[in-house]
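Numbering that gives the first Met the number 0 numbers the first residue of the sequence shown as 0 and each following residue consecutively.
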Amino acid sequence: MRPMRARGSGPAGLLIACLLFSHSALAAMALPDIERLSARAADSGPIRVIVQLAVDHQPAGRLDSAQAALQSQSIQGAQQAVAARVQGSSATELHRFRHIPFILFEANAAGIDALGRLGEVVSMQEDIPERPALAESAPIIGAPAAWGQGADGAGQVVAVLDTGVDLGHSFFSEPGKIVAEGCFSTHVEGEGIDSLCPGQATTSLAPGSGDACPSDVSGCDHGTHVAGIAVGNDGVGPDFGIAPAAGLIPIQVNTRFENVTFPPSDPPTYHAASYPSDQIRALEQVYDWRDTYPIAAVNLSLGGGYHTDETACDDANVARKAAIDNLRSVGIPAIIASGNQGRRDGMMQPGCISSAISVGATDASDNVASFSNIAPFIELLAPGVAITSAALGGGVVNQNGTSMATPHVSGAWAVLRQAAPGASLDEILAALTATGTLVDDDRVSPAGTVTGMPRINLDLALAALQSSGPVFSSDPVPASLIDFGTVAVATDSPEAVIDVSNTGDAELTLACGLGGTDASDFEVLQCDAAVSALATTELRIRCHPGVLGPRVATLDVTTNDPDNLALSYDLACEGVTALVFEHGFEEPPE
0 MRPMRARGSG PAGLLIACLL FSHSALAAMA LPDIERLSAR AADSGPIRVI VQLAVDHQPA
60 GRLDSAQAAL QSQSIQGAQQ AVAARVQGSS ATELHRFRHI PFILFEANAA GIDALGRLGE
120 VVSMQEDIPE RPALAESAPI IGAPAAWGQG ADGAGQVVAV LDTGVDLGHS FFSEPGKIVA
180 EGCFSTHVEG EGIDSLCPGQ ATTSLAPGSG DACPSDVSGC DHGTHVAGIA VGNDGVGPDF
240 GIAPAAGLIP IQVNTRFENV TFPPSDPPTY HAASYPSDQI RALEQVYDWR DTYPIAAVNL
300 SLGGGYHTDE TACDDANVAR KAAIDNLRSV GIPAIIASGN QGRRDGMMQP GCISSAISVG
360 ATDASDNVAS FSNIAPFIEL LAPGVAITSA ALGGGVVNQN GTSMATPHVS GAWAVLRQAA
420 PGASLDEILA ALTATGTLVD DDRVSPAGTV TGMPRINLDL ALAALQSSGP VFSSDPVPAS
480 LIDFGTVAVA TDSPEAVIDV SNTGDAELTL ACGLGGTDAS DFEVLQCDAA VSALATTELR
540 IRCHPGVLGP RVATLDVTTN DPDNLALSYD LACEGVTALV FEHGFEEPPE
């Protein structure tokens, strides 16, 4: 029996309201925030502040091209208006961000007060430099097993925002390994704050821009080691990055700071640290590259500050969160180290931002590393103790840190993106989370306990993403009408058959029920509870009307197919009077 099939209608469209610049859209700054920053500037001289403007804003990836253009115009208009209002004051504009409603200023106490009084200004956050968060680990997370299936990150790119990369190192010398470069750094003449970009420019995308900063600057070996863990490949081994075939975009986001010593050292010594504003400029550049390069992930093994909850962290990092949200809206995660203070109740920023993917560190025995920050809201764990990777100047070196754990996840993300190009960011994160080895924080001190944190297993996450799971299909399709026609009251109709197929690679479960006011006039004769992968079964139904007239009901089917959790078929028959013959047709009565 093949009943008629029902048809459905398409989805309705969406309408998004226009984005307008408005003095009343958001409140002006709170007085205590102005006073705190003003006092800082009064004590230490002019400070750098990232100023948020009152512009309604959404991550650009959620908008169509026309809406994104309108939002960009609103941002530019607000920036121009605020810049004009403070022109000639003691607040000096340093940079306008392209995709988010923020401006970087340098201001003394009077300038802070002037900015804070503007109705167009929502918040100000000081731009404080942050320092880098300082072969055996690949098998721990199942990377070789993934490589054996051809999943090695080929065709994907990881952007590493750090201290640059030793471009001459064998880990990065294969043709095509470096697909683009960038540098975003700060230079203040005569203040011991020097840009690390070529020619001490503050921005550069030229070849060589992503090269490692000089070895005499403390911390400049960091980016080379981090990038090697994510994508390193010298073609020989045995030490390979987690995504050895992936491309790399090294982006230098650090600035050279002269160390202040008493008495002053001769010659002077230096360290590398990164302004959040330079990180944001780099994140915006990665967003601009989204259609040029297949960027799987952005790695940030850096940070500062400390927060015990995501809300406070988001509030303290509104500009960085906006830039991270833009990337996330187009499927690019910002994967960030949790920090190395050994805390059990929070993380450093920007890893604590709610839309970032935060990473803590484990040792070879799947214990939480002694130095790793952990919080109830941490996303993932990865190996971070005695990790072998590229050394500045050549060769390899072992280093410890959540900085080392983070590129394990970034490299894994590139491998999974290659294997499952249609998977969403949330689906990849869910696969890594669901297949991770669960780790409890058993450290004795400091106080606080977090349990059940997933240490990534790349091979298992790969299998989970490649699995189709159970897949339900039927003939006739759901929502079809199964009409039994006329059926004599108190008798059974012929059986109707619905052919069910499981075209997936996991067991399909079924449960059947009848619904509607006339459900008692129908009967389910067969509904198998389980259907093996690539197998078929039949649902059998019949009508048994108890009264005269039309009878209608639904056959309701629930499954474990995520795309077909609840289905129904319409059932109909008409109860009629049974005809009784006292004589055979051969001999009509006299």
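Positions of the beta carbon are idealized from the N, C-alpha and C atoms, including for glycine.
Keep in mind the model is a prediction, meaning the values are calculated, not measured.
L513 is bridged by DSSP to L554. About 5 Å separates the Cβ atoms of A385 and N397, confirming a contact at the 8 Å cut-off.
Under the rule that a run must span 3 or more residues, the beta strand (DSSP E) segments found entirely inside the region 21 to 99 read 46 to 52 and 90 to 95. Pairing V499 with F471 gives a Cβ-Cβ distance under 9 Å. Contact between Q251 and G163 holds: their C-beta atoms lie close to 4 Å from each other, under 8 Å. If you ignore the 5 residues before and after R280, its C-beta comes within less than 6 Å of the C-beta of F183, all in its own chain and listed in chain order. Under the three-state reduction of DSSP, G350 is assigned to coil, being neither helix nor strand.
Using a Cβ distance threshold of 9 Å, F104 and L114 count as a contacting pair. Distance from the Cα of C542 is smallest, within the candidate group E494, T535 and T558, for E494.
Residues S466, S467, G468, P469 and A532 of the same chain have their beta carbon placed closer than 8 Å to that of A505, with the five preceding and five following residues left out of the count. In the DSSP secondary-structure assignment, D193 is bridged to R255. Here I323 is actually not in contact with M346; their C-beta atoms are around 14 Å apart, not less than 8 Å.
In the structure shown, I140 adopts coil according to DSSP, grouped into three states.
The beta carbon of A577 is closer than 8 Å to those of A487, V488, A489 and T490 in its chain, skipping five residues each way along the sequence.
Separation of the CB atoms of G338 and G350 is rounded to 6 Å, and the pair is thereby assigned contact status at 8 Å. Inter-residue distance for L513 and N501 is about 22 Å (C-alpha atoms, whole angstroms).
A Cβ-Cβ contact shorter than 9 Å links L457 with A145.
Contact check for N366 against H98 fails: the beta carbons are separated by 9 Å or more. Taken in chain order, the complete beta strand (DSSP E) segments of 3 or more residues contained in the region 319 to 378 are 333 to 336, 346 to 348 and 356 to 361.
Selection V216, D42, A77 and I49 evaluated against H56 yields A77 as nearest (Cα-Cα).
T223 is positioned such that its CB atom lies closer than 9 Å to that of D165. With a 10 Å radius around the Cβ and a threshold of 16 neighbouring Cβ atoms, T185 comes out buried. Only exposed fits P213, as fewer than 16 other CB atoms lie within 10 angstroms of its CB. If you look at C312, you'll find it isn't in any beta strand (DSSP E); it sits in the alpha helix (DSSP H) that goes E309 to A315. In the DSSP assignment, I102 falls within the unbroken beta strand (DSSP E) covering F101 to A106.
In the DSSP assignment, the residues bridged to Q124 are I49. In the assembly as shown, A374 is a buried residue. Its beta-carbon has 16 or more other beta-carbons within 10 Å.
Counting along the chain, T576 sits inside no alpha helix (DSSP H), nor does DSSP assign it H or E at all. Inter-residue distance for A229 and A433 is about 22 Å (C-alpha atoms, whole angstroms).
Here G359 is buried. Its C-beta has 16 or more other C-beta atoms within 10 Å. Taking the Cα positions, V575 is about 28 Å away from C526. By the Cβ-count criterion, A68 is exposed, with fewer than 16 other Cβ atoms from all chains shown falling within 10 Å of its own Cβ. Closest in C-alpha terms to Q278, from the list V523, T268, K320 and P243, comes K320. The continuous alpha helix (DSSP H) containing H221 extends over residues H221 to V230. E129 has S273 as its beta-bridge partners, per DSSP.
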